[in-house]
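Engineer: Using mature numbering (1 follows the signal peptide of the UniProt record, and there is no 0), the letters of the sequence shown correspond one by one to residues -21 to -1, 1 to 600. Take this structure, written in structure tokens, and hold onto it; I'll ask about it next.
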Amino acid sequence: MDYTIVLKIILVLFFCYSTWALDVGIDVDAAPKVDVRLSLGWIRGYEFKSKEGTANVFKRVPYISPPIGDLRFHSPVPAKSWEGILDATQPALACPQNTTDMDKYTWAAVKDQSEDCVYLNIYADNRCNATNPCPVLFYLHGGGNTFDGPRMFNDSLIVENFASHGVVWVLPSFRLGILGWMDIGESTVDAPYNAGMLDLIAALRWTQQEISAFGGNNRDIVLLGHSSGAHLASLVLSSPAVEANAFSRAFILSPAGRFLDHIDRPRSTFIAEKVGCIFDDNLEYLNFTQRVSCLRSKPYQELINSAQPMQDKRPDDIVAPQVDGYSMTQRTLYDLAQQWRPIKVFLGVMSYEGDFDVGYFDKDVCYTFMPYVCPGRLAECELKCREVFGGPHKIPIGGTFIQAYTWLVGHINTNKGGESYYQVFDQYHADVHADDLAFALGLHAKRKFHARNVGHQMQKRFFPKLLLRFILNQTLVEGWEPMDLQGRNYFYNNFKAIGDPDNYTVVIKPHYVKGEIYHQAAVDFWWRDLAELHKHDLRHLHSTPPPPAPSPVVVETTGVPWYIFLIVIVIALVLALALLVIVGVSFVWKARRVYKSDKEMKETEKGDGTNNSGNAERNDV
């Protein structure tokens, strides 16, 4: 038997299987072309016809200058104009990333990489135009800000489920890893902390200015973020660099992120040291400018690959935005609450968020999350966390945090005057982090989607339509009410059927749950039990007083704390003592003046008497 032939067949099958997400379903070269005029020049895309309708697709649309050469690490620089018609039919290469956290399907989509990667993909229903402008969906992909990108998305499903139903879908890429999130001591225009987030803000501004050329309504932009992209979405919604009315609605699905000053410094310093950009030849420290110059001189592959040992050792070490005073000013969850701007929001969690890789997500997670959940009492809060989650029946703590954090965002939004629709995705065999994307966009479908599972087939038809209704600002489900002021009410999304595809009975359908908080225990632990340990850090979570709730986010004090009275008494005593000292000193000073004045007067009188006697004697002579 020729095993070489067998091996080749296996490799071909694997390649076809793993590149499923790249299948666009049409011959791009043969497809009719579409030209659009932008402010910088003309671009040429193509028509994508699906069974649901036709969309105009444009790829590799420039919104900033390529961040290469001297522009590596630099704040986004506006794109330059071009002559002729720019080809926008082929995708950009993936942004540089390593393979540590990727499954084989994702890696197949992003293995072809380049620093010249920061572009937009646009999918626009061909019925959208200036007289019939359509809502714009602005999508922020996940991947921990270190991997993933537009190349992993399935064009067919974007068009079939969304862009052929009166939607303009915008999918930006942005810099990842150290190329997008670098902290080696300073944040400047030349090398900001959050270049990746600045890319997204630049993409948003481009969308606001140019999307009308594609038939999009720039006054009806809907933000959608998933996983780390959902964390970015929550920051963008409250960023001082983004105007308050930039988005009309938002999706925040399974947000995963952190709020810590200099969260990216350990990784950045590790990489700089690995590639020789900390010391010069004389072992003298390089200054900030020299370090940036040194890092710019290295091949991007060397920078990306240097991060992998640290990521393997500390998988919970997530790359994330940090305070830069411009794009992000939220140091804690409490800052986020203060700066939050109310909006109509669709919140989503998986019923078993942390189960996709318990060993990965839960490693040292009690330690990892506490600095920004419980900044005032780290040791006590970490101990409490280990007591709750470290027993023999271990609960995936990372998943509970995502669920509790998502609830908190909804609770804050509701109390600020927004509408918060909270969904729990509990589809059987597809209920862990990111499995929902299989049904809406085909992502990770080879891992979780079962074609002969009746429940999965029903969910595949239902879930995209649910998202589409929100994008179009339609009623989601009859009877589904948003979260109330106590954080109650959610939508349970699960189809379960007994039997085979030809003969089955549906026993569970998606339904609205009124008057309950999903995963009450998680909410209680993260926002009540820990709050009791450091209540003085949580008193100002809301700019308006929160309502009474079974799972309060804020622990309010009744009356004035005793230590305030003590401080006032001490200050009063100090002031009284100071007053006594001043009065005493003044009295002594005045007494000395009187004494000195009397003494001088007596000496003067005595002197006058002596002079008079002398004069009399001289007169007698």
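Note that CB positions come from ideal geometry on N, CA and C, so glycine has one too.
With 16 other CB atoms within 10 Å as the buried threshold, where does Ser93 fall?
Structural biologist: Exposed, by the Cβ-count rule.
Engineer: Specify, as a first and last residue, the run of the beta strand (DSSP E) that Glu26 falls within.
Structural biologist: Residues Gly20 to Ser29.
Engineer: Just how far apart, CA to CA, sit Gly175 and Ile546?
Structural biologist: Going from the Cα of Gly175 to the Cα of Ile546 covers about 46 Å.
Engineer: Would Pro474 pass as a contact of Lys488 if the rule is Cβ separation under 8 Å?
Structural biologist: For clarity, residue 474 is Phe in the given sequence; the question names Pro instead. Going by C-beta atoms, Phe474 is nearer than 8 Å to Lys488.
Engineer: Over the uninterrupted beta strand (DSSP E) stretch that includes Lys475, give me the two end residues.
Structural biologist: Here the beta strand (DSSP E) through Lys475 covers Lys475 to Asp479.
Engineer: My parser needs the beta strand (DSSP E) runs of 3 or more residues fully inside the region 410 to 487; what are they?
Structural biologist: You should have 469 to 472, 475 to 479 and 482 to 487.
Engineer: With Thr33 as the anchor, note down where its beta strand (DSSP E) starts and where it stops.
Structural biologist: It spans Gly32 to Pro41 - the beta strand (DSSP E) in which Thr33 sits, taken as one unbroken run.
Engineer: Would you check if the region 159 to 176 and the region 464 to 474 touch, i.e. whether three or more CB-CB distances between them fall below 8 Å?
Structural biologist: Counting Cβ pairs under 8 Å, fewer than three are found: no touch.
Engineer: Alpha carbon to alpha carbon, what distance is there between Val215 and Ala209?
Structural biologist: Each residue's Cα considered, the two are about 10 Å apart.
Engineer: In its own chain, which residues sit with a C-beta less than 6 Å from the C-beta of Val539, not counting the 5 before and 5 after it?
Structural biologist: In this prediction, Val539 scores a pLDDT of 44, lower than 50, which makes its location untrustworthy; the coordinate-derived value is nonetheless stated afterwards. None.
Engineer: Give the straight-line distance between the Cα atoms of Leu420 and Arg246, rounded to the nearest whole angstrom.
Structural biologist: Approximately 32 Å, taken between the alpha carbons.
Engineer: Are the CB atoms of Gly159 and Asn124 nearer to each other than 8 Å?
Structural biologist: Yes, they are a contact pair.
Engineer: Using the three-state DSSP reduction, which class does residue 684 fall into: helix, strand or coil?
Structural biologist: In this structure the chain extends from -21 to 600, so residue 684 is not present and cannot be described.
Engineer: Along the chain, which unbroken stretches of the alpha helix (DSSP H) at least 4 residues long are found entirely within the region 210 to 279?
Structural biologist: Those alpha helix (DSSP H) runs which fall completely within the region 210 to 279 and span 4+ residues are 244 to 253 and 267 to 275.
Engineer: Can you name the start and end residues of the beta strand (DSSP E) that Trp185 belongs to?
Structural biologist: No beta strand (DSSP E) holds Trp185; the alpha helix (DSSP H) holding it covers Ala174 to Glu189.
Engineer: Kindly indicate which three-state DSSP category Lys12 falls into: helix, strand or coil?
Structural biologist: Here Lys12 sits in strand by DSSP.
Engineer: The beta strand (DSSP E) with Ser135 in it runs from where to where?
Structural biologist: Per DSSP, Ser135 belongs to no beta strand (DSSP E); it is in the alpha helix (DSSP H), Asp134 to Ile137.
Engineer: So is Phe37 buried or exposed if we call it buried at 16+ other beta carbons inside 10 Å?
Structural biologist: Classification of Phe37: buried, given that the 10 Å Cβ count is 16 or more.
Engineer: Based on Cα-Cα distance, which residue from Asp405, Thr311, Pro443 and Glu222 lies nearest to Tyr497?
Structural biologist: It is Asp405.
Engineer: I need the DSSP call for Pro288, collapsed to helix, strand or coil.
Structural biologist: If DSSP states are grouped into helix, strand and coil, Pro288 belongs with the helices.
Engineer: Would you mind sorting Tyr98 into buried or exposed? The rule is 16 or more other CB atoms within 10 Å of its CB.
Structural biologist: With 16 or more other Cβ atoms within 10 Å, it is buried.
Engineer: Where does Asp405 sit, in a helix, a strand or coil, going by DSSP?
Structural biologist: In the structure shown, Asp405 sits in coil (DSSP, three-state: anything other than H, G, I, E or B).
Engineer: Using a Cβ-Cβ cutoff of less than 8 Å, which residues in the same chain neighbour Gly478 once the five nearest sequence positions on both sides are dropped?
Structural biologist: So the list reads Val433 and Thr484, once near-sequence residues are dropped.
Engineer: Helix, strand or coil for Met349, going by three-state DSSP, please let me know.
Structural biologist: Met349 falls in the helix class under three-state DSSP.
Engineer: Which one or two residues does DSSP pair with Gln92 in a beta bridge?
Structural biologist: Answer is Ala73, bridged to Gln92.
Engineer: Rounding to the nearest angstrom, what Cα-Cα distance links Glu460 and Lys444 in this structure?
Structural biologist: When rounded, the distance between both Cα atoms is 18 Å.
Engineer: My assumption, with CB atoms under 8 Å, is that Ala9 sits in contact with Val40. Please give the rounded CB distance.
Structural biologist: About 21 Å; that fails the 8 Å criterion.
Engineer: What's the gap between the Cα of Phe153 and the Cα of Ala551?
Structural biologist: Straight-line Cα distance between these residues: approximately 58 Å.
Engineer: Counting Cβ pairs, one atom from each stretch, are 3 or more of them under 8 Å apart for the region 59 to 74 and the region 20 to 28?
Structural biologist: Flag = yes, the region 59 to 74 and the region 20 to 28 touch.
Engineer: To the nearest angstrom, how far is it from the Cα of Ala251 to the Cα of Val56?
Structural biologist: Computed Cα separation, rounded: 24 Å.
Engineer: Verify whether the separation of the beta carbon atoms of Tyr469 and Tyr401 is less than 8 Å.
Structural biologist: Cβ atoms of Tyr469 and Tyr401: closer than 8 Å.
Engineer: Contact defined as beta carbons within less than 8 Å: I believe Asn392 pairs with Pro321. What is the distance between those atoms, to the nearest angstrom?
Structural biologist: Confirmed, Cβ separation roughly 6 Å.
Engineer: Kindly indicate the opening and closing residues of the alpha helix (DSSP H) around Asp314.
Structural biologist: It spans Leu312 to Gln318 - the alpha helix (DSSP H) in which Asp314 sits, taken as one unbroken run.
Engineer: Less than 8 Å between the C-beta atoms of Ser207 and Gly121, yes or no?
Structural biologist: Yes, the Cβ-Cβ distance between Ser207 and Gly121 is below 8 Å.
Engineer: May I ask you to report which of helix, strand or coil DSSP gives Val115?
Structural biologist: In the structure shown, Val115 sits in a strand (DSSP, three-state: E or B).
Engineer: According to the neighbour-count rule (16 or more other Cβ atoms, all chains shown, within 10 Å of its Cβ), is Ala223 buried or exposed?
Structural biologist: Counting Cβ neighbours within 10 Å, Ala223 comes out exposed, since fewer than 16 surround it.
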